[in-house]
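Student: Chains as they are written, first to last, in the numbering used here: chain A, 4 to 411; chain B, 260 to 467; chain C, 3 to 171. Ideal Cβ placement from N, Cα and C applies to all residues, glycine included. Every value quoted in this text rests on a predicted model; they were computed, and no experiment measured them.
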Amino acid sequence: MPADYAFPDSETKSARGEFEAQRMSISMGPSHPSTHGVLRLQMELDGEVVRKAEPVIGYLHRGDEKIAENMTYNQFVPYTDRLDYLAPLANNMAYAIAVEKLAKLEVPPRCQAIRVITAEMARISAHLLGLGAFGIDVGAWTVFLYSFTEREKLYRLFEELTGARFTTSYTRIGGVARDVPEGWTGRVDAFCEQFLPRLEETLSLLTRNKIFVDRTAGIGVISKEDAIAFGLTGPNLRGSGVPLDLRKDRPYSGYEQYDFDVPVGTRGDGYDRYLVRGEEMRQSVRIIRQAIAKFPGGSWQAEEAKRIVKPSKDRVLTSMEELIQNFMIVTEGPQMPAGEVYFEAENPKGALGFYIVSKGGGVPWRLKIRAPSFCNLSILPKVCVGAMVADIVSILGSLDFVMGECDR
Amino acid sequence: MPAAPDAVAALKGRWAGLTDRPSLDHPAVNVPATELLGVLRSLKEEHGFDMLADVTAVDWAEGSRPRFTVVYHVFSTVGHEYVRIACACPDGAAPEVPSAVGLWPGANWHEREVFDMFGIRFAGHPDLRRILMWDGYPHFPLRKDFPLAGIETELPDPEVVAETKAGAIAAPMMGGPFVAKAGGINMAETEPRAKDESWSERRPKPGA
Amino acid sequence: MVASATELAYDSKIEGEVIVSRADAVINWIRSNSMWPMPMGLACCAIELMAVAASRFDIARFGAEVMRFSPKQADVMIVAGTVTYKMSTAVRRIYDQMLAPKWVIAMGACASTGGMYRSYAVMQGVDRILPVDVYVSGCPPRPEALLDALVKLQGKVAREPSASKLLSA
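1. So within the stretch 31-81 of chain A, which uninterrupted alpha helix (DSSP H) runs reach at least 4 residues, ignoring any that extend past its ends?
2. Are three or more beta carbon pairs between the stretch 358-375 of chain A and the stretch 25-38 of chain A nearer than 8 Å?
3. As a quick exercise: from A:R318, A:V386, A:R373, A:G66, pick the residue whose alpha carbon is nearest that of R120 (chain C).
4. Closer than 7 Å, CB to CB, is S34 (chain A) near chain C or not?
5. Please name the residue in C:G110, C:L101, C:S36 whose C-alpha comes closest to that of A66 (chain C).
6. Determine the direct distance from the alpha carbon of G133 (chain A) to that of M4 (chain A), and round the result to whole angstroms.
7. So which residues on chain B does M74 (chain A) lean against when the C-beta distance must stay under 9 Å?
8. Output yes or no for whether 7 Å exceeds the beta carbon distance between V224 (chain A) and P246 (chain A).
9. By the criterion of Cβ-Cβ separation under 7 Å, what are the contact partners of V106 (chain C) in chain A?
10. Taking the straight line between their C-alpha atoms, what separation do you get for R241 (chain A) and F330 (chain A)?
11. By alpha-carbon positions, which one of C:V28, C:V136, C:A113, C:D129 ends up nearest to V85 (chain C)?
12. For I131 (chain C), would you say it is in contact with chain B, using Cβ-to-Cβ distances shorter than 7 Å as the test?
13. Can you pull the DSSP bridge partners for F381 (chain B)?
14. Excluding sequence positions up to five away, which residues of its chain have a Cβ less than 6 Å from the Cβ of M260 (chain B)?
15. Does the Cβ-Cβ distance between Q126 (chain C) and G140 (chain C) come in under 7 Å?
16. For the stretch 107-141 of chain C, list every residue whose C-beta sits within 9 Å of some C-beta in chain B, in sequence order.
17. Quick check on R369 (chain A): does DSSP put it in helix, strand or coil?
18. With three or more C-beta pairs closer than 8 Å as the rule, is the stretch 381-398 of chain B touching the stretch 50-59 of chain C?
19. For Q25 (chain A), which beta-bridge partners are listed by DSSP?
20. For E412 (chain A), collect the residues of the same chain with a Cβ closer than 6 Å to its Cβ; drop the 5 residues on either side in sequence, then sort them by chain order.
21. Is it buried or exposed for K88 (chain C), if we count other Cβ within 10 angstroms and need 16 for buried?
22. Could you name each continuous alpha helix (DSSP H) segment of 4 residues or more that falls completely within the stretch 303-340 of chain A, going from the start of the chain to the end?
23. DSSP on H369 (chain B), reduced to helix/strand/coil?
24. Using only alpha-carbon positions, find the residue among C:P143, C:F71, C:Q75, C:I107 that is nearest to V128 (chain C).
25. Mapping DSSP to helix, strand and coil, what is M260 (chain B)?
26. Hey, how far is the Cα of G342 (chain A) from the Cα of V52 (chain A)?
27. With respect to the beta strand (DSSP E) encompassing N289 (chain B), which residues constitute its N-terminal and C-terminal limits?
28. When you compare the CB of S282 (chain B) with every CB in chain A, is at least one pair closer than 7 Å?
29. For a cutoff of 7 Å on Cβ pairs, would you count L247 (chain A) as touching chain B?
30. Quick one: what does DSSP say A48 (chain C) is sitting in, helix, strand or coil?
31. By DSSP's criteria, S361 (chain A) is part of a beta bridge. Which residues make up the other side?
32. Which residues of chain B have a Cβ atom closer than 7 Å to the Cβ of P351 (chain A), listed in chain order?
33. Please state the DSSP three-state secondary structure of I21 (chain C).
34. Can you tell me which of C:A160, C:R161, C:V138, C:I32 puts its alpha carbon nearest to the alpha carbon of L51 (chain C)?
35. Relative to the alpha-carbon of A180 (chain A), which residue among A:V312, A:V146, A:I398, A:V386 has its alpha-carbon at the smallest distance?
36. Which residues bound the alpha helix (DSSP H) around P146 (chain A)?
Next up, the structure:
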């Protein structure tokens, strides 16, 4: 849509003085079906074309960073669930690794494998919902129902592992909360087995669907330079042609041992971002299968980290030293050394970063959450100009952001 | 290929005011506010740190010098490395640093958030207003002297206030939050204490 | 004849194809079995709300799958998620625009009491600005819990003296 698009007859009519073009100021949101949460878009429209778009965020600002200064490191884990609430396990993992970097703590391979499997399942879950929401915004109801059916199967697996369908609070500093149940990895494998054909079926509803292609191809084009300049990360950045994936470029939690491809788009439009997400789900299945095949034995937490990881319950209830240790860790928090760290993990929405300033002790002095959706949304004033109102919905759906992490 | 430490060494050679900042992971330097934009521009254009990952600030509590430090994390999409730049605000009472919007348009929203949460102004920012709290909010929430429970203020919309008689009250903490202090591995100090930031809304704090 | 105001009385006196009942019972039956929600989906609970609308938990069984974001077309506002002070004005305005009869379900801990967010920005319960009919606990509540809340709301609606309210201006 060229920025100076003129509607038919408008020139002759305005030359004849028949109408004056006046811009209409319209506010889309914060309660709107297509804004994916509480985002408000203040737009100035010239007819149907958007001339100016100003996002207003902060409608879900809950004060997470201030809360973090008043919680021990383990107490903050439930708040990380609710950042990107479509993939809580991925947030849990990013936070746990960031805090473990403070103590330079290495978790055992089994814990790393569990974290990778759960993070990739969370990635599949988040992309499925992104797909479903995108489909429903451009008019495809069926995609939403199909993707939610698959997500329900994932929820059942999460619930078996962590106790909650999706706000899992599963990782702890130095490990995870509990070991995987008997046969769980087999069930995850069975899920992956039946998921791939269902995924193809779901994607086939959209990928070559003329209506979907018309609504997304060439819409919301983000150039490579713009993407980097605005700090975009994740599928949005990869859709614009930048092959940056933190799992490959700065591997963490054992990602270097798994073989997977990183899909990169070419044109940077909504269609490319959709294709990138679809392919990422297939690659996630690949990673999960490899992780299950190589699933190591051993402990699920770093048992030697005395002041960080709680000892096992049977020793706590029988031995004095472990009892005191357990008490200290629960009340005062895992004792971290003083210092600063910044760690970014490749979350489904982009790079979720945690900047932690610690003065020692079990409570952080400052915890900053670098949210991928915050940066992804900052490009909206640029990308929406010149698009028509209906395209705004398509752009928002293709950017796939989550207000929980944007506003924190 | 350690590009980041080389870049930091080159920066320290070129600007005199830079000092090493202790860091547990990425190379970090302290930069005075006068040299900040030059350092950031050099990192971006000469050393290939093309992405601004994060802009944030730390409040070291009233009484510290400096009180506020603005921290930038820059990332290189080619070398996959981070550098941390910390810039202490020269004035603790009216903190201000130059804005990086000219270098990275993405810094716009990050700086607005720092202003919203800490009250640090960014000279040269095109549109410095609140982003997470509503426009008329009178306080800066992430400052250390601001309680977690919040301070009572009026809701942004007077019509709704008139209708519902509701206001932004201090959250009922019941004497809490109950948490140990950050820092201090002194045994006497590490026990969780009631920070006593706001009493229950129905019962005022005894003695207050 | 009907025993109480809530019974529609299928087994009452039937003349041909006519069922005789009380106005209250009929009106409440119609209202409760087709409550169109206005999903005020703010945060994580909105995801569970979407799951309730999806195939496995299927709120359509209760006549409430028609999620209408327009307040003029909705009956029950399901506040799903954390209400911040900044958002509270929008929630109240939308509630005001809804047409009577209207009800509110506060879904989740954040909407009921502020949840685990005791901070400067979160309204400690949406009942500070809206009259809530049903509170659902959980963080997030299971979809079955939301369906239970809907059923309880239907029970509450069934006990209302709707006919006298309608006919008295």
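Tutor: Answer, in terms of the structure:
1. Entirely contained in the stretch 31-81 of chain A, the alpha helix (DSSP H) runs reaching 4 residues are, in chain order, 67-71.
2. Too few Cβ pairs lie closer than 8 Å, so no.
3. Ranked by how close their Cα comes to the Cα of R120 (chain C), the residues A:R318, A:V386, A:R373, A:G66 have A:G66 in first place.
4. Yes, contact with chain C.
5. The residue with the shortest Cα to Cα distance from A66 (chain C) is C:S36.
6. Low confidence applies to M4 (chain A): its pLDDT is 49, below 50, so where it sits in the model is not reliable enough to give any reading.
7. Listed along chain B are P436, V438, each with a C-beta nearer than 9 Å to that of M74 (chain A).
8. Their beta carbons are not under 7 Å apart, which means V224 (chain A) does not touch P246 (chain A) by this criterion.
9. Neighbours of V106 (chain C) on chain A: none; closest Cβ ~14 Å, over 7 Å.
10. In this structure, the CA atom of R241 (chain A) is about 46 Å from the CA atom of F330 (chain A).
11. Nearest option by C-alpha distance: C:A113.
12. Interface with chain B (7 Å Cβ-Cβ cutoff): I131 (chain C) is included.
13. Under DSSP, F381 (chain B) takes part in a beta bridge, and its partners are B:V356.
14. Unreliable positioning characterises M260 (chain B) in this predicted model, as indicated by a pLDDT of 43, which lies under 50. The coordinate reading is nonetheless provided below. Excluding sequence neighbours, M260 (chain B) sits near nothing in its chain.
15. In this structure, Q126 (chain C) keeps its C-beta atom at 7 Å or more from the C-beta atom of G140 (chain C).
16. If the cut-off is 9 Å between Cβ atoms, the stretch 107-141 of chain C has G116, Y119, R120, S121, Y122, A123, V124, M125, Q126, R130, I131, L132 near chain B.
17. It is a strand residue.
18. Contact fails: fewer than three Cβ-Cβ distances are below 8 Å.
19. For Q25 (chain A), which the question treats as bridged, DSSP gives no partner whatsoever.
20. Summary: the structure shown does not reach residue 412 (chain A), with chain A confined to residues 4 through 411, and so no result is reported for it.
21. With 16 or more Cβ atoms within 10 Å of its Cβ, K88 (chain C) is classed as buried.
22. Counting whole runs of 4 or more residues, the stretch 303-340 of chain A contains the alpha helix (DSSP H) stretches 316-319, 323-335.
23. DSSP places H369 (chain B) in helix when its eight states are reduced to three.
24. The shortest Cα separation from V128 (chain C) among C:P143, C:F71, C:Q75, C:I107 belongs to C:I107.
25. For M260 (chain B), the predicted model reports a pLDDT of 43, less than 50, meaning its position is unreliable; a value from the coordinates is still stated below. M260 (chain B) carries a coil assignment under DSSP once its states are collapsed to helix, strand and coil.
26. In this structure, the alpha-carbon of G342 (chain A) lies about 50 Å from that of V52 (chain A).
27. Looking at the DSSP string, the run of the beta strand (DSSP E) that includes N289 (chain B) is 287-290.
28. At least one chain A Cβ lies under 7 Å of S282 (chain B).
29. So, interface residue.
30. In the three-state reduction of the DSSP assignment, A48 (chain C) falls in the helix class.
31. In the DSSP output, where bridge partners are listed per residue, S361 (chain A) has A:G342.
32. Here the premise fails: no neighbours, minimum Cβ distance about 18 Å.
33. I21 (chain C) falls in the strand class under three-state DSSP.
34. Taking the Cα of L51 (chain C) as reference, the smallest distance to any Cα among C:A160, C:R161, C:V138, C:I32 is reached at C:V138.
35. When the alpha-carbon of A180 (chain A) is set against those of A:V312, A:V146, A:I398, A:V386, the nearest one is in A:V312.
36. Here residue 146 (chain A) turns out to be Val, not Pro, going by the sequence shown. Secondary structure note for V146 (chain A): its alpha helix (DSSP H) is the uninterrupted segment 144-165.
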